[in-house]
Amino acid sequence: MKLQRRSVLAAVLIAAPTLVRAQAKLQIPDRWYAVKVEDNAFIVEMPGIPDHKVLNDASARGTPFVLHSYSLEAGGNSYVAQTAFYPADVEYREPQRVLHAALESRAKQLNGGKWTKTDWREVAGAAAVESAGPLAGGSQLRQLAVSKERRFVSLAFMGRRGRRSLLQVAQAHLMAKPRIHVLAPGGTIATRPDSSGAMQMGLGADDLVAAVPLLKGVAEIAAETVSRVGSHSLGFDQIHALAARIRALEADGVVVTQGTDTLEETSFLLDLLLELDVPVVVTAAMRNPSLTSPDGPGNLLAAVRVAADPWMRAHAKALGVVAVMLDEVYAAADVAKVHPTRVNGFASMQTGPLAALVEDRVVPMSLPVRDAMIAARRKLARIGDKAAPVALFWTALDDALPLIPLMLAASDRVGYRGAVIAAMGGGHAPERAVENVVRLAKAMPTVVSPRTGGGPMLRKTYAGPSSEIALRQAGLIWGGRLHPLKARVLLETCLRAGLERAAISELFDAFG
Ligand code: ASP
């Protein structure tokens, strides 16, 4: 798309002198004061209380957008700051062209129409140009213009020659609020009562965000309803589509609000599918919105705070996808739903939380060990879109698992392509079930995972036909420390990626 010159010029060509209002004379303070920009794009720091204008404009293709303009007279200098959040149909992907347009338009105010100095820089990771040029009467116009994706900001002051560089002042004070994209697939957090009083899916992402006004102060929020489904009814394909949507976003962080029932599985699948350098946070609610003290709004605020937090953003890759519940941050590979109704229904039993939210601060506590995840991702480079159903068998006292042979006899109709055995203790099956388990392992890749809910299993301690030594020798794949539910998610993903048994075994082996 071509640069829509008219709209860009409209965004930057605000004749500064007309915006400068006489105010009480102020000294330029050492510190500049924050001005909240209402388009949530930038915080521009200006001395004192500036005049503020909101100017509505439209791109050449007619998409409306808002330009904020601030002006101030202080210490003999006139200041103007402008911010715009360009609509999608303006070509903002070439920041240098946007900045050139900004230079050209302001140059018209200069003596001779030319800047005497232009320095191309980066400010807070964004393309920037600082320029200076002569004004009539011996004064100088200095400008710093910054363009980052859809955000544009320019700061300018007219003053006497020799004043300190605007860049020095502005650089330290120009802050972009992080853009956090909230994706809402459904869940208890998004329910509302029907006429009988029973809770039904109904709320969308906008409703969830609107219920937490404090979010506005934390981030620039975009809200998107993905579906209105209880997480107990989500499918692998929906999570693959969600991952694709997340990959396509231009955001500084992503929050997924879903149901609690499968959060431990969906967050782990997202972790396998995504390798982003921005935080991806999954959250939910244990108490629905009609109950006293529902936890959804607090969890959403906490999740956005976590996604917007500088430490989380700096370590996004090292952390992987995280879950935030009740002010704690958990690694997706470890988080588990540990209670069906209580508000403290989540825990990370192997490793504990990665961070805690206290007041409005994220307090980091540890970084997860992710070697096995990283190695798995490398092997899972090409994941197909053909589902590969995986059966889950829970071992239990005195159960011979007689469903296994029935299933194998009808395997075409049943359709499972892999299986997980939630084994007892360090990796054992009841002796009476061993024959069936071994038959299953011969028919399809079968992973053994601890029914205790995670933690490394034994490999070489016990003898006898139902021991871990015998099961491993019989070709069962050792699932390492993964919870059976997560082992099932990983096996489905391996099968979708077309991995053979040996590669699957090697991949699981890295999990301990
Ligand atoms: N059944 C609901 C779901 O997972 C429960 C919840 O959200 O807490 O969507």
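Per our numbering, the very first residue in the sequence shown carries number 227; after that it's consecutive.
Every residue gets a Cβ at the ideal spot worked out from N, C-alpha and C, and that includes glycine.
To the nearest angstrom, how far is it from the Cα of residue i to the Cα of residue j?
i    : j    : result
H541 : G456 : 31 Å
L583 : D345 : 41 Å
V408 : Q366 : 45 Å
A736 : L684 : 14 Å
E726 : K668 : 13 Å
L527 : L440 : 7 Å
V292 : V316 : 13 Å
D586 : T483 : 20 Å
S285 : Y312 : 8 Å
A410 : T417 : 12 Å
I647 : R722 : 19 Å
P520 : K605 : 41 Å
M384 : A307 : 12 Å
V715 : V379 : 45 Å
A598 : F734 : 8 Å
G524 : K563 : 18 Å
V569 : A510 : 11 Å
T719 : P536 : 32 Å
G724 : I609 : 8 Å
L381 : K340 : 18 Å
What residue from the options has the CA that sits closest to residue i's CA?
i    : options                   : result
Q576 : A445, R568 and Y556       : Y556
P321 : R347, V564 and I447       : R347
V185 : G428, V480 and R698       : Because the chain spans 227 through 738 in this model, residue 185 falls outside it and cannot be assessed.
S731 : S693, L711, A645 and T678 : A645
A617 : Q369, L733, A416 and V663 : V663
S453 : A445, G423, I415 and S421 : I415
K712 : L329, E375, P313 and D497 : D497
A622 : G681, D433, M650 and S675 : M650
G359 : P682, K334, V372 and V349 : K334
H326 : S297, P313 and S357       : S357
S692 : L475, D625 and L733       : D625
G681 : A728, L627, S574 and R665 : S574
A470 : R677, L495 and A448       : L495
K279 : R377, V504 and S295       : S295
T309 : R376, G610 and V504       : R376
M427 : K442, I695, G546 and H458 : H458
G578 : P566, A549 and A602       : A549
G363 : S373, L336 and T488       : L336
L370 : S421, A437, P404 and Y305 : Y305
L489 : A449, V438, G413 and K403 : G413
R665 : L329, L634, V561 and V532 : L634
T567 : R639, G546 and T486       : T486
Along the chain, where does the alpha helix (DSSP H) that runs through residue i open and close?
i    : result
L367 : No alpha helix (DSSP H) contains L367, which is instead part of the beta strand (DSSP E) from S365 to K374.
W537 : P536 to A540
R722 : P710 to R722
Q464 : F462 to A474
L733 : R727 to D735
E755 : The chain is shown from 227 up to 738; residue 755 falls before or after that span and cannot be answered.
L634 : L629 to A635
If we cut at 9 Å on Cβ distances, does residue i have a partner in chain B?
i    : result
W346 : In the structure shown, chain B does not exist; there is a single protein chain.
For the beta strand (DSSP E) that residue i lies in, which residues bound it at each end?
i    : result
M425 : M425 to M427
V616 : V616 to W620
Less than 8 Å separating the Cβ of residue i from some heavy atom of the ligand ATP?
i    : result
D487 : Ligands displayed in this structure: the ligand ASP; the ligand ATP is not among them.
* Asked: Is it a yes or a no for the region 643–661 touching the region 686–704, going by three-plus beta-carbon pairs under 8 Å?
  -> yes
* To do: Scan the region 484–521 and note each continuous beta strand (DSSP E) run of 3 residues or more that stays entirely inside, going in chain order.
  => 506–509
* Asked: Does the pairing of the region 320–337 with the region 350–362 give three or more beta-carbon distances under 8 Å?
  -> yes
* Is the number of C-beta pairs between the region 543–559 and the region 421–435 that are closer than 8 Å three or more? -> no
* **4 or more residues per run - each alpha helix (DSSP H) lying fully within the region 315–366** => 321–333
* To do: Jot down the residue ranges of each uninterrupted alpha helix (DSSP H) in the region 534–608, minimum 4 residues, whole runs only, in chain order.
  => 536–540, 542–545 and 597–605
* 3 or more residues per run - each beta strand (DSSP E) lying fully within the region 645–692 -> 672–676
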